[in-house]
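These notes concern the structure reproduced below.
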Amino acid sequence: MTLTQLQIFSLVAELQGFTAAAARLRISQSAVSHAIRQLERELDVELLQRRQGRVELSDIGRQLLPRIRGMLGLAETVRQEAADARGMRQGTLRIGSFGPTSSMRLLPAILAHYRAQYPGIEIHIDEGPDRLVLQWLQDRRIDIGFVVLPEPRFDTCALLEDQMVAVLPAHHALAGKSALTLAELCGDPFVLTEAGSAELVSHLFQAARLRPNIRYRCAQLLSTLEIVASGEAVTLVAEMALPKVPYPAGYVSLPLSPPVTRRVGLAVLSESEATPAARAFLQLAARLQREGRLGV
Numbered sequence: 001m002t003l004t005q006l007q008i009f010s011l012v013a014e015l016q017g018f019t020a021a022a023a024r025l026r027i028s029q030s031a032v033s034h035a036i037r038q039l040e041r042e043l044d045v046e047l048l049q050r051r052q053g054r055v056e057l058s059d060i061g062r063q064l065l066p067r068i069r070g071m072l073g074l075a076e077t078v079r080q081e082a083a084d085a086r087g088m089r090q091g092t093l094r095i096g097s098f099g100p101t102s103s104m105r106l107l108p109a110i111l112a113h114y115r116a117q118y119p120g121i122e123i124h125i126d127e128g129p130d131r132l133v134l135q136w137l138q139d140r141r142i143d144i145g146f147v148v149l150p151e152p153r154f155d156t157c158a159l160l161e162d163q164m165v166a167v168l169p170a171h172h173a174l175a176g177k178s179a180l181t182l183a184e185l186c187g188d189p190f191v192l193t194e195a196g197s198a199e200l201v202s203h204l205f206q207a208a209r210l211r212p213n214i215r216y217r218c219a220q221l222l223s224t225l226e227i228v229a230s231g232e233a234v235t236l237v238a239e240m241a242l243p244k245v246p247y248p249a250g251y252v253s254l255p256l257s258p259p260v261t262r263r264v265g266l267a268v269l270s271e272s273e274a275t276p277a278a279r280a281f282l283q284l285a286a287r288l289q290r291e292g293r294l295g296v
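So the sequence shown is numbered by this note's numbering: it starts at 1 and just counts up by one.
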């Protein structure tokens, strides 16, 4: 088997299709199919199942995928350590990001400094809910990811702390208060956003032995705010996730009483085994945080 075959298999599994993988790699679809057939022939197993135009992992394919991604990660580490000896002029860095706090508040500042130092590193950014970023780290789909802390399964670096705030329709009866309790949020329909703090929000209510009236679930924060602004529900989000200029108009945010904070940082599966590009990103972010240069 070759690294190229393993890379193609990993990408087909990620994108769930031969055509998409071929487009990403800028090769023909027949070349992708040929590489998969060769790999399956050598391993004497069916790695992928083709069903009505869809591509799905077989049981053994699903079992082998994390190991194959680990092999690809190790190969990238070898390449980058060699490049590091030459001044890390090339390589790839795969970053996982969730929600506005990391994608809009943290990532741009870190990337600006990183690109200035390592212009030859190709950067891939995948965005999804925080729980998905954790899964990507476990599966070795990404090298480094922004996560909500604490996260004991990984090596982490804290970057910022912000507070959780209640978000209400501007005309809500409680909108004029200076702060709200969790219990006061249970009297209205609640919209739960998956964009960065869903698990923390659920944990807060569970710890207080309260049950919010969850009427809506949204994957994106903007959709959540639209529902709140329309008067349909209330929600609980991290303050830094909110737009600097309120959009859409029609909602207000209030701190909680007692205050609740959320910490956000970077995580790698293992700092000692991370690629040089990932270690450099982690160390740069930590330095910018110490120097107060993250711009948040």
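Virtual Cβ for every residue (Gly too), placed ideally from N, Cα, C. Remember, predicted model here, so these are calculated numbers, not experimental data.
In terms of Cβ geometry, Gly96 and Ile125 form a close pair [threshold 9 Å]. When secondary structure is reduced to three states using DSSP, Ile27 falls in the coil class, being assigned neither helix nor strand. CA-CA distance, Glu46 to Arg24, rounds to 23 Å.
Here Ile60 is actually not in contact with Leu93; their C-beta atoms are around 30 Å apart, not less than 8 Å.
Judged by DSSP secondary structure, Arg263 falls within the beta strand (DSSP E) whose first and last residues are Thr261 to Val268. Cβ-Cβ separation between Ile227 and Ala233: approximately 5 Å, consistent with a contact (criterion under 8 Å). Taking the C-beta atoms as reference points, Ser202 is found no nearer than 9 Å to Arg262. Ranking Pro100, Glu81 and Ala179 by CA distance to the CA of Leu221 puts Pro100 first. Our two residues, Leu160 and Ile142, have alpha carbons roughly 21 Å apart in a direct line. In this structure, the alpha-carbon of Ala170 lies about 19 Å from that of Ala183.
It is roughly 24 Å from the alpha-carbon of Thr224 to the alpha-carbon of Arg209. Relative to Tyr118, the option among Met88, Asp44 and Ile110 whose CA is nearest is Met88. The distance from the Cβ of Leu288 to that of Leu282 is about 11 Å, inconsistent with a contact at the 8 Å cut-off.
For Thr193, there is no enclosing alpha helix (DSSP H); the enclosing beta strand (DSSP E) covers residues Pro189 to Thr193. DSSP, reduced to helix, strand and coil, places Arg141 outside both helices and strands of the structure shown, so it counts as coil. In the DSSP secondary-structure assignment, Gln163 is bridged to Thr261. Counting only runs that start and end inside the segment 35-91, the alpha helix (DSSP H) elements of at least 4 residues fall at 59-85.
Rounded to whole angstroms, the separation of the alpha carbons of Glu151 and Arg131 is 11 Å.
Under the DSSP definition of a beta bridge, Pro255 partners with Val165. Only residues of its own chain outside the window of five on either side were considered, and among them Val55 have a CB closer than 6 Å to the CB of Gln16, listed in chain order.
In the DSSP annotation of this structure, the continuous segment of the beta strand (DSSP E) that includes Thr235 starts and ends at Thr235 to Ala238. At a Cβ-Cβ threshold of 9 Å, Gly265 and Val147 count as neighbours. Around the Cβ of Glu42, a 10 Å sphere holds fewer than 16 other Cβ atoms; the residue is exposed. The beta carbon of Gln163 sits closer than 8 Å to the beta carbons of Ala238, Glu239, Pro255, Leu256, Pro259, Val260, Thr261 and Arg262 from its chain, once the five residues preceding and following it are set aside; these are given in chain order. Bridge pairing for Ser97: Glu127 [DSSP]. Taking C-beta atoms as the reference points, Val167 and Ser230 fail to come closer than 9 Å. Secondary structure note for Arg287: its alpha helix (DSSP H) is the uninterrupted segment Pro276 to Arg290. Your pair Ser10 and Leu72 checks out as a contact, with CB atoms roughly 6 Å apart and the cut at 8 Å. For Arg215, the uninterrupted beta strand (DSSP E) segment begins and ends at Asn213 to Cys218. By the neighbour-count criterion, in which a residue is buried when 16 or more other Cβ atoms sit within 10 angstroms of its Cβ, Gly145 is buried.
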